[in-house]
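Trainee:
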Amino acid sequence: MSTPFYVSPQQAMADRAEYARKGIARGRSLVVLQFADGIVFVGENPSRALHKFSEIYDRIGFAAAGKYNEYENLRIGGVRYADLRGYTYDRADVTARGLANVYAQTLGTIFSSAAEKPYEVELVVAEVGDTPDGDQIYRLPHDGSIVDEHGSVAVGGNAETISTYLDQRHRDGMTLAEALKLAVQSLSRDTNGSEREIPAERLEVAVLDRTRPQARKFKRIVGRQLSRLLEGEAADTSSDGDDSDDEK
Amino acid sequence: MDFLSDHQPEILPGNRQLPPTQGVIEAPHGTTIVAVTFPGGVVLAGDRRATMGNVIAQRDIEKVFPADEYSAVGIAGTAGLAVEMVKLFQLELEHFEKVEGAQLSLEGKANRLSTMIRSNLGMAMQGLAVVPLFAGFDVDRGKGRIFSYDVTGGRSQELGYAATGSGSVFARGAMKKLFHDQLTESEATTLVVQALYDAADDDSATGGPDVARRIYPIVTVITEDGFRRLTDDESSEIARSILERRLQQPDGPRAALL
Numbered sequence: 024m025s026t027p028f029y030v031s032p033q034q035a036m037a038d039r040a041e042y043a044r045k046g047i048a049r050g051r052s053l054v055v056l057q058f059a060d061g062i063v064f065v066g067e068n069p070s071r072a073l074h075k076f077s078e079i080y081d082r083i084g085f086a087a088a089g090k091y092n093e094y095e096n097l098r099i100g101g102v103r104y105a106d107l108r109g110y111t112y113d114r115a116d117v118t119a120r121g122l123a124n125v126y127a128q129t130l131g132t133i134f135s136s137a138a139e140k141p142y143e144v145e146l147v148v149a150e151v152g153d154t155p156d157g158d159q160i161y162r163l164p165h166d167g168s169i170v171d172e173h174g175s176v177a178v179g180g181n182a183e184t185i186s187t188y189l190d191q192r193h194r195d196g197m198t199l200a201e202a203l204k205l206a207v208q209s210l211s212r213d214t215n216g217s218e219r220e221i222p223a224e225r226l227e228v229a230v231l232d233r234t235r236p237q238a239r240k241f242k243r244i245v246g247r248q249l250s251r252l253l254e255g256e257a258a259d260t261s262s263d264g265d266d267s268d269d270e271k
Numbered sequence: 006m007d008f009l010s011d012h013q014p015e016i017l018p019g020n021r022q023l024p025p026t027q028g029v030i031e032a033p034h035g036t037t038i039v040a041v042t043f044p045g046g047v048v049l050a051g052d053r054r055a056t057m058g059n060v061i062a063q064r065d066i067e068k069v070f071p072a073d074e075y076s077a078v079g080i081a082g083t084a085g086l087a088v089e090m091v092k093l094f095q096l097e098l099e100h101f102e103k104v105e106g107a108q109l110s111l112e113g114k115a116n117r118l119s120t121m122i123r124s125n126l127g128m129a130m131q132g133l134a135v136v137p138l139f140a141g142f143d144v145d146r147g148k149g150r151i152f153s154y155d156v157t158g159g160r161s162q163e164l165g166y167a168a169t170g171s172g173s174v175f176a177r178g179a180m181k182k183l184f185h186d187q188l189t190e191s192e193a194t195t196l197v198v199q200a201l202y203d204a205a206d207d208d209s210a211t212g213g214p215d216v217a218r219r220i221y222p223i224v225t226v227i228t229e230d231g232f233r234r235l236t237d238d239e240s241s242e243i244a245r246s247i248l249e250r251r252l253q254q255p256d257g258p259r260a261a262l263l
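Next up, the structure:
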């Protein structure tokens with residue numbers, strides 16, 4: 024019988040973190056930005072069926088980079104958690120903070136359990152408030168820590184470059200069209216600094232729109248509405264109002 | 006809901022043990038719900054009274070709820086149980102939509118409600134029945150549809166109009182004489198309020214429009230654009246114009262004899 028080599032705990036954790044980071048880096052990046060009327064999710068996603076963004080509850084949205092089956096699993100868990108909370112207590116008792124805590128626990132347990140491989144995912148949980156001050160964005164890296172973010176956040180392969188780019192240009196009170204354009208610009212920057220064009224069909228865009236009259240604030244932006252927002256000049260902000268009622 | 010029955014079965018309505026009881030349990034009951042289809046959608050409406058025996062338990066109860074964007078449920082029967090059933094039904098539809106990324110078909114929603122009513126059969130046999138009326142806009146077929154139920158969960162699709170609850174007999178009679186298949190949306194909303202008025206006229210458990218307290222029937226419309234509940238102003242307008250006419254003609258509009 025062979026004796027296993029001794030691996031120090033530090034080394035073991037570093038290896039696992041390295042493994043998870045590499046897995047996440049293979050996926051495409053996505054960004055989450057605050058704008059005047061809510062929070063917008065933008066990512067490059069060639070698939071129309073496998074979503075990176077999803078509705079969790081009335082005011083809470085979910086974004087994930089990394090391995091699809093792993094984050095889909097977490098997403099369904101989140102929807103269950105939120106729906107069960109809302110049914111047992113009240114819709115107002117479902118919060119992004121609570122959900123982020125549950126995700127952090129799950130990811131942390133999986134990350135440090137020797138029996139399982141770490142999840143190769145990085146999540147963003149966002150909740151839109153009644154005012155921009157009430158917006159909450161949490162980033163959850165693979166190891167189960169929680170980072171409270173403001174303004175803009177990027178996750179995925181090229182996250183560092185993108186978030187530096189966003190931090191310099193993002194400001195409070197942007198319109199949806201401005202925020203969307205900034206997000207697309209940031210996503211089209213490659214690691215080596217060059218730029219490429221991302222066509223509208225390859226973009227997945229969703230918003231948590233606090234001006235929506237329904238209780239459920241999450242809405243996907245697709246097709247004509249998306250191309251209009253991308254093409255519209257910055258001066259064309261007056262059309263923002265009717266954009267929000269167009270869909271569904 | 007499958008997940009709930011594994012995870013936390015005690016919060017599902019069907020899983021509660023009831024002690025054996027003698028006679029009927031007194032609890033507030035909701036009364037009349039009516040629905041009418043028109044080209045382009047469906048109207049679902051309910052009166053505002055809840056009764057407990059011969060006592061009016063509540064004057065302004067709300068018995069019509071949106072189930073999701075394209076459907077609504079009106080409840081007759083034991084109010085507490087029915088409201089809980091609707092809450093769970095709403096949750097299921099929303100949960101399905103979020104997890105699967107697509108809405109259930111209208112048929113699927115109607116079947117699901119059927120199962121939920123069936124799980125209440127034990128309670129129903131002790132006098133705590135819940136008999137809802139389900140109406141929705143079928144996005145695939147592009148028209149409004151109505152489903153009615155019995156206490157055992159038996160489901161049947163109703164063509165044109167339907168009613169449930171203690172005043173349903175009178176409401177159905179009224180609708181039978183007023184309904185035709187080319188109603189406009191505003192005619193359909195007027196028709197349901199007329200039917201509820203007739204139900205209240207002959208059934209003591211159904212509440213008519215209460216002008217003094219400004220309590221009017223709840224009227225909801227479901228079309229291609231989704232669910233919409235008429236505002237208080239809109240429904241009071243309909244109720245008042247009907248009341249106005251009934252001052253001259255207490256029995257309401259007359260149908261042709263032949």
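Just so you know, the sequences run in chain order A and H. The numbering used here puts the first residue of the first sequence at 24, with every later residue one more than the last. The numbering used here puts the first residue of the second sequence at 6, with every later residue one more than the last. No residue lacks a Cβ here, since even glycine has one placed at the ideal position from N, Cα and C.
Measure the C-alpha to C-alpha separation of Y142 of chain A and A229 of chain A and round it to an integer number of angstroms.
Mentor: Each residue's alpha carbon lies about 25 Å from the other.
Trainee: Would you verify that the beta carbon of V178 of chain A is, or is not, closer than 9 Å to some beta carbon of chain H?
Mentor: Judged by the 9 Å Cβ criterion, V178 of chain A is not in contact with chain H.
Trainee: Using 10 angstroms around the beta-carbon of T236 of chain H, count the other beta-carbons present and answer buried if the total reaches 16, otherwise exposed.
Mentor: T236 of chain H should be labelled exposed.
Trainee: Closer than 6 Å by C-beta to D73 of chain H: which residues in its own chain qualify, once you throw out the five before and the five after it? Chain order, please.
Mentor: Around D73 of chain H: L98.
Trainee: Mind checking whether the beta-carbon of A87 of chain H lies closer than 8 Å to any heavy atom of the ligand FAD?
Mentor: In terms of ligand content, the structure shown is empty, and the ligand FAD therefore cannot be addressed.
Trainee: Below 8 Å on the Cβ atoms is my guess for Y104 of chain A versus L130 of chain A; work out the distance and round it to an integer in Å.
Mentor: Not quite, the Cβ-Cβ distance comes to about 14 Å (not below 8 Å), so this is no contact.
Trainee: Considering A200 of chain A, what are the terminal residues of the alpha helix (DSSP H) in which it resides?
Mentor: A200 of chain A -> alpha helix (DSSP H) spans L199 to L210.
Trainee: Considering only the alpha carbon of each residue, which of H:L201, H:R160, H:S246 and H:S240 lies closest to S119 of chain H?
Mentor: Minimum Cα distance to S119 of chain H is reached at H:R160.
Trainee: Drop a sphere of 10 angstroms on the beta-carbon of D106 of chain A, count the other beta-carbons inside from all chains shown, and report buried for 16 or more, exposed for fewer.
Mentor: Label assigned to D106 of chain A: buried.
Trainee: Using three-state DSSP, classify P137 of chain H as helix, strand or coil.
Mentor: Looking at P137 of chain H - three-state DSSP - the assignment turns out to be strand.
Trainee: Would you tell me roughly how many angstroms separate the C-alpha atoms of V136 of chain H and F58 of chain A, rounded to the nearest one?
Mentor: Going from the Cα of V136 of chain H to the Cα of F58 of chain A covers about 46 Å.
Trainee: Whole angstroms is fine: what's the gap from G255 of chain A's alpha carbon to L249 of chain A's?
Mentor: Roughly 10 Å between the two C-alpha positions.
Trainee: Buried or exposed for I185 of chain A, going by 16 or more other Cβ atoms inside 10 Å?
Mentor: Counting Cβ neighbours within 10 Å, I185 of chain A comes out buried, since at least 16 surround it.
Trainee: Examine chain H for any beta-carbon lying closer than 9 Å to the beta-carbon of E78 of chain A, and answer yes or no.
Mentor: Yes, because at least one Cβ of chain H sits closer than 9 Å to the Cβ of E78 of chain A.
Trainee: Between Q131 of chain H and I30 of chain H, what straight-line distance do the alpha-carbon atoms span, to the nearest angstrom?
Mentor: Approximately 7 Å between the Cα atoms of the pair.
Trainee: Bridge partners for F64 of chain A per DSSP, in chain order?
Mentor: Answer by DSSP bridge pairing, in chain order: A:V55 and A:A229.
Trainee: Using 8 Å for Cβ pairs, my map puts T225 of chain H next to R219 of chain H. What's the rounded Cβ distance?
Mentor: No, T225 of chain H and R219 of chain H are not in contact; Cβ-Cβ is about 19 Å, not under 8 Å.
Trainee: Determine the burial state of E183 of chain A: buried for a count of at least 16 other Cβ atoms within 10 Å of its Cβ, exposed for fewer.
Mentor: Flag for E183 of chain A reads exposed.
Trainee: Taking the beta strand (DSSP E) that R234 of chain H belongs to, which residues open and close that run?
Mentor: Residues G231 to R234.
Trainee: Under a three-way DSSP split, which group does R243 of chain A fall into?
Mentor: Strand, per DSSP.
Trainee: What would DSSP say about T189 of chain H, mapped onto helix, strand or coil?
Mentor: It is coil, neither helix nor strand.
Trainee: Under 9 Å, Cβ to Cβ, is there at least one residue of chain H near G109 of chain A?
Mentor: Yes, contact with chain H.
Trainee: Closest to G213 of chain H by CA distance: which of H:G46, H:P18, H:I66 and H:G106 is it?
Mentor: Ranking the options by Cα distance to G213 of chain H, first place goes to H:I66.
Trainee: Check whether the stretch 57-72 of chain A and the stretch 82-102 of chain A are in contact - that is, three or more C-beta pairs closer than 8 Å.
Mentor: Judged by Cβ distances under 8 Å, the stretch 57-72 of chain A makes contact with the stretch 82-102 of chain A, as three or more pairs qualify.
Trainee: Identify which residue in H:P33, H:R53, H:H12 and H:Q13 has its Cα closest to the Cα of P222 of chain H.
Mentor: Nearest of H:P33, H:R53, H:H12 and H:Q13 to P222 of chain H, Cα basis: H:R53.
Trainee: With distances taken between CB atoms, is the gap from E172 of chain A to V55 of chain A smaller than 9 Å?
Mentor: Yes.
Trainee: Can the beta-carbon of A48 of chain A be found less than 9 Å from the beta-carbon of G180 of chain A?
Mentor: Yes; because the gap between Cβ atoms is below 9 Å, this pair is in contact.
Trainee: With DSSP as the reference, identify every bridge partner of V148 of chain A, one or two as the case may be.
Mentor: Beta-bridge pairing links V148 of chain A to A:F85 and A:Y161.
Trainee: Quick check on the DSSP output: the beta strand (DSSP E) that includes V78 of chain H runs from which residue to which?
Mentor: Run containing V78 of chain H: S76 to T83, per the beta strand (DSSP E) assignment.
Trainee: Exposed or buried, what is M57 of chain H when buried is set at 16 or more other beta-carbons lying within 10 Å of its beta-carbon?
Mentor: Under this definition M57 of chain H is an exposed residue.
Trainee: If you follow the beta strand (DSSP E) that D238 of chain H is in, where does it begin and where does it stop?
Mentor: Per DSSP, D238 of chain H belongs to no beta strand (DSSP E); it is in the alpha helix (DSSP H), D237 to Q253.
Trainee: Per DSSP, E172 of chain A is paired with what?
Mentor: Looking at the DSSP assignment, E172 of chain A forms a beta bridge with A:I160.
Trainee: Using three-state DSSP, classify V216 of chain H as helix, strand or coil.
Mentor: Note: V216 of chain H maps to coil in three-state DSSP.
Trainee: Given a threshold of 16 other Cβ atoms within 10 Å of its Cβ, counted over all protein chains shown, does P14 of chain H qualify as buried or as exposed?
Mentor: So P14 of chain H ends up on the exposed side.
Trainee: So if DSSP puts I38 of chain H in a beta bridge, which residue, or which two residues, is it bridged to?
Mentor: Beta-bridge pairing links I38 of chain H to H:G51 and H:T169.
Trainee: On a Cα-Cα basis, can you pick out the residue from H:A107, H:A55, H:E112 and H:Y75 that is closest to A84 of chain H?
Mentor: A84 of chain H has its Cα closest to that of H:A55, out of H:A107, H:A55, H:E112 and H:Y75.
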